[in-house]
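2 protein chains.
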Amino acid sequence: MLLKRGPFKSPSYAAFGYSLQNPRLIRRQNYNNIVSCDFSSQARKAKLYLVKSEATGEARCKPKRVNGEPSLADRLRLGSLTEDGLSYKEKFIVRCYEVGVNKTATVQTVANLLQEACCNHFALAFQIYDGFPITHTMRKLNLIWVIARMHIEIYKYPTWKDVVEIESWYQSEGRSNTRYRGDWILKNCVTDEVIGRGTSKWVMINQETRRLQKVNDDVRGELAIHSPKTPRLAFPEENNASLKKMPKINERIQYSKLGLVPRQTDLDMNQHVNNVTYIGWILESMPSEIIRSHELQTITLDFRRECQRNDIVDSLTSSHEMMMDDTVLEHHQYITNNGSPNECLEFVHLLRLSSNGYEINRGSTVWRKKLHN
Amino acid sequence: MLLKRGPFKSPSYAAFGYSLQNPRLIRRQNYNNIVSCDFSSQARKAKLYLVKSEATGEARCKPKRVNGEPSLADRLRLGSLTEDGLSYKEKFIVRCYEVGVNKTATVQTVANLLQEACCNHFALAFQIYDGFPITHTMRKLNLIWVIARMHIEIYKYPTWKDVVEIESWYQSEGRSNTRYRGDWILKNCVTDEVIGRGTSKWVMINQETRRLQKVNDDVRGELAIHSPKTPRLAFPEENNASLKKMPKINERIQYSKLGLVPRQTDLDMNQHVNNVTYIGWILESMPSEIIRSHELQTITLDFRRECQRNDIVDSLTSSHEMMMDDTVLEHHQYITNNGSPNECLEFVHLLRLSSNGYEINRGSTVWRKKLHN
């Protein structure tokens with residue numbers, strides 16, 4: 001997921017997100033601010049009153065009320081919790097300015113809509129505190145979400161006026177007490193066809209100390225109310241592409257665009273570069289002939305470091321073949337097993353600060369041949 | 001309006017818009033492709049069946065039908081023609097990724113929503129042909145819209161989850177047989193407060209020859225069906241800011257950002273830079289202290305030339321004081337008469353090709369002091 005500040009964080013609050021000056025900070029844990037809470041009490045407070053929509057028959061969270069009435073946005077939005085209350089679905093009409101080449105939605109549009117569905121899900125299920133979609137206890141403990149990885153696959157890009165439905169859900173990552181994941185399924189509402197999937201990894205940090213926090217029982221209890229009880233993965237396939245490790249390509253740079261400069265419009269209120277800009281920067285170093293002949297099928301981004309107004313960034317890319325050594329053998333294996341190796345091209349990416357080479361993002365992309373150029 | 005290809009043009013079709021290699025072309029008129037049409041017949045064909053929405057009581061165009069049914073997007077969209085059929089209103093919920101500094105919508109978001117309302121208006125009232133929202137006769141004559149000027153004023157920026165309503169209408173410009181204008185009013189749906197206004201000027205060109213075309217009676221008849229019968233202006237004030245002439249600032253450059261490069265994500269399918277990018281480029285040369293302390297109140301853009309993938313662009317800005325000479329006296333007069341001169345700052349802008357100095361856009365902006373920094 002391409003959220004700078006997490007799926008559960010208002011994108012306008014720049015302190016949130018993967019804005020870690022030193023990514024090692026998240027490995028040092030600090031519990032000073034953790035206070036004991038009564039889990040069952042918190043869980044009761046967080047429990048939502050579910051109502052059935054007369055129109056759709058779907059379960060809906062009771063919309064947040066302002067002066068006793070649900071907000072106009074809550075009444076008009078085409079989103080609701082699913083029948084079991086464990087995921088959220090929202091319909092979006094692709095807007096005219098959200099399409100680009102081939103009259104299809106851009107990958108940035110898809111990323112934005114995943115973000116919107118995720119924010120609305122959390123805002124509906126929990127609460128917005130000072131712009132943060134977080135739980136009651138997270139607020140008490142000064143905890144926020146930080147995205148560590150995002151992986152999106154798009155099988156068929158929607159076009160202008162297509163209606164897409166995004167289902168969003170989250171759960172803890174295995175038995176981990178530090179990580180959560182958020183998953184998405186994208187469907188074309190007319191054909192009911194799955195046109196994309198996405199997954200993301202999240203950790204919780206203390207908003208002030210910027211240190212990783214274990215998710216304690218109180219928060220886990222709140223979050224569990226709207227989490228699937230057993231693992232439900234958008235990518236259930238064994239050894240799926242969302243899990244692959246990305247190598248560093250410093251020694252094997254094939255294509256590059258150096259000296260990229262953040263624009264005013266790339267920044268959030270904390271003067272940090274927003275996440276969708278990273279996708280654009282990765283595309284900058286892609287060979288133009290590939291962009292003309294192929295379309296992006298899969299993008300994976302590991303978030304390592306924030307980028308600020310005056311940073312200058314180098315975008316580096318190498319083809320899969322160039323990177324073909326023991327490091328990426330496993331990844332290659334995946335592609336040949338699951339993809340169409342004759343039609344798909346695979347690239348590995350690195351965004352780094354021009355000044356000192358510090359990594360901002362590692363990424364990988366898979367491109368399929370366009371049907372019509 | 002910030003449409004590269006006009007309010008009535010699919011933004012994914014790059015041949016449309018102000019993509020004039022030589023802006024003088026629009027002053028040379030070529031009628032070779034104009035054929036005679038029976039006006040009354042065309043008008044009848046274009047006339048729409050209006051129905052009343054049971055829910056809102058508003059007149060609605062009968063949605064375009066696919067296989068006998070209105071499209072899902074037409075059924076779900078919160079937009080309809082007004083009671084008299086002479087304008088279009090659509091509600092939008094501001095999305096989480098559309099807000100920036102101060103948690104308010106960006107000017108780019110506002111520009112995008114104006115474009116979306118305008119496209120949906122025209123698509124509902126007329127038809128989409130190969131991605132162009134144009135009338136039947138325009139299609140026959142191979143005519144498309146080209147934007148010449150856009151002017152937006154934002155009095156109060158909406159925030160995340162605010163619901164805004166945009167009313168969109170168009171009409172011929174005075175007695176001109178070459179120009180049309182599109183106007184907008186933005187309201188906050190909860191308070192019913194007018195939070196912004198916009199206007200734009202359009203001409204019609206032949207899609208192939210790229211030459212200006214007079215709007216003949218057939219096309220005028222089609223367009224008139226959904227145009228106000230008397231002038232209805234978003235800016236009815238005499239000598240209003242949308243009319244001001246913008247001087248060239250070559251000789252009085254105060255602030256600049258040189259060497260701006262289009263990104264892949266700035267381009268449409270014809271490899272032309274999309275219109276919202278121009279706003280961003282103008283902001284690039286604004287002094288950062290002004291961006292921190294002020295917010296954009298008014299932006300005016302004159303579109304002169306398209307910009308392509310390999311162009312390099314200089315963004316030049318001068319404050320009103322720097323430009324204060326006979327050329328801009330009239331403009332200054334407007335500001336002092338109608339604005340709050342002690343709180344607002346005014347700038348003049350130029351985007352030009354680095355290589356040869358050719359003008360891409362002239363612009364002007366007015367900035368008011370932020371209430372909270």
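Chains as they are written, first to last, in the UniProt record's numbering: chain A, 1 to 373; chain B, 1 to 373.
Even glycine gets a Cβ: it sits at the ideal position worked out from N, Cα and C.
Measure the alpha-carbon distance for Gly280 of chain A versus Asn216 of chain B and round it to whole angstroms. 43 Å
May I ask you to report which of helix, strand or coil DSSP gives Arg368 of chain B? strand
With a 10 Å radius around its C-beta and 16 neighbouring C-beta atoms as the bar for buried, classify Gly174 of chain A as buried or exposed. exposed
Is Phe122 of chain B a contact residue of the ligand SAM, with contact defined as CB to any heavy atom under 7 Å? Because no ligand of any kind appears in the structure shown, any question about the ligand SAM cannot be addressed here.
Please report the residue range of the alpha helix (DSSP H) in which Val273 of chain B lies. Element bounds for Val273 of chain B: n/a, residue is neither H nor E.
Exposed or buried, which one is Asp218 of chain A when buried takes at least 16 other CB atoms within 10 Å? buried
Proximity to Lys245 of chain B [Cα-Cα], best of B:Thr178, B:Val348, B:Ala125: B:Val348
Is the Cβ of Gln108 of chain B closer than 8 Å to any Cβ of chain A? yes
Residues that DSSP places opposite Ser80 of chain A in a beta bridge: A:Lys89
Alpha carbon of Met1 of chain A to alpha carbon of Tyr278 of chain A, nearest angstrom: With a pLDDT of only 30 at Met1 of chain A, under the threshold of 50, the placement of this residue in the model should not be trusted, and no figure is reported.
Look at Ser227 of chain A and Gln171 of chain A and say whether their C-beta atoms are less than 8 Å apart. yes
To which residues of the same chain is Lys248 of chain B closer than 8 Å at the C-beta, ignoring the five residues directly before and after it? Leu350, Glu359, Arg362
Could you confirm whether any beta carbon from chain B is found closer than 8 Å to the beta carbon of Thr265 of chain A? yes
If the cut-off is 9 Å on Cβ atoms, which residues from the stretch 181 to 203 of chain B count as contacting chain A, listed in chain order? Cys189, Val190
Compare the Cα-Cα distances from Arg352 of chain B to each of B:Arg368, B:Val261, B:Gln297, B:Pro287 and report the closest residue. B:Val261
Is there a Cβ of chain A sitting closer than 8 Å to that of Gly280 of chain B, yes or no? yes
Beta strand (DSSP E) runs wholly inside the stretch 93 to 132 of chain A, at least 3 long, in chain order: 127 to 129
Does Val219 of chain A come out as helix, strand or coil in the three-state DSSP assignment? helix
Any beta-carbon of chain A closer than 8 Å to the one on Tyr97 of chain B? yes
Should the stretch 203 to 213 of chain B be regarded as contacting the stretch 137 to 146 of chain B, the criterion being three or more beta carbon pairs within less than 8 Å? yes
Taking only beta-carbon atoms, is Cys119 of chain A less than 8 Å away from chain E? Among the chains of the structure shown, chain E does not appear; the protein chains present are A and B.
Cα-Cα separation between Cys118 of chain B and Glu321 of chain A, rounded to whole angstroms: 47 Å
Is the separation between the beta-carbon of Val94 of chain B and that of Val203 of chain B shorter than 8 Å? no
So, with DSSP's three-state summary, where would you put residue 384 of chain A? Nothing in the structure corresponds to residue 384 of chain A, since chain A is present only between 1 and 373.
Straight-line Cα distance separating Trp160 of chain B from Asn102 of chain B: 10 Å
What residue range is occupied by the uninterrupted beta strand (DSSP E) comprising Leu258 of chain A? 255 to 260
With distances taken between CB atoms, is the gap from Met150 of chain B to Leu301 of chain B smaller than 8 Å? yes
Give the DSSP-derived three-state secondary structure of Lys140 of chain A in the structure shown. helix
Where Lys229 of chain B and Thr82 of chain B are concerned, what is the direct C-alpha to C-alpha distance, given to the nearest angstrom? 15 Å
Determine the closest residue to Glu251 of chain B out of B:Gly357, B:Asp192, B:Thr106, B:Asn120, with distance taken between C-alpha atoms. B:Gly357
Simplified DSSP assignment, three categories, for Leu296 of chain B: strand
What residues in the stretch 216 to 246 of chain B bring their beta carbon closer than 9 Å to a beta carbon of chain A? none
Considering only C-alpha positions, which residue in the set A:His136, A:Ala111, A:Asn112 is nearest to Ala123 of chain A? A:His136
Would you call the CB atoms of Leu186 of chain B and Ile166 of chain B closer than 8 Å? yes
Only counting the same chain, and skipping five residues up and downstream in sequence, which positions put a Cβ closer than 7 Å to that of Cys96 of chain B? Trp160
Contact check, Tyr88 of chain A vs Asn112 of chain A, beta carbons under 8 Å: no
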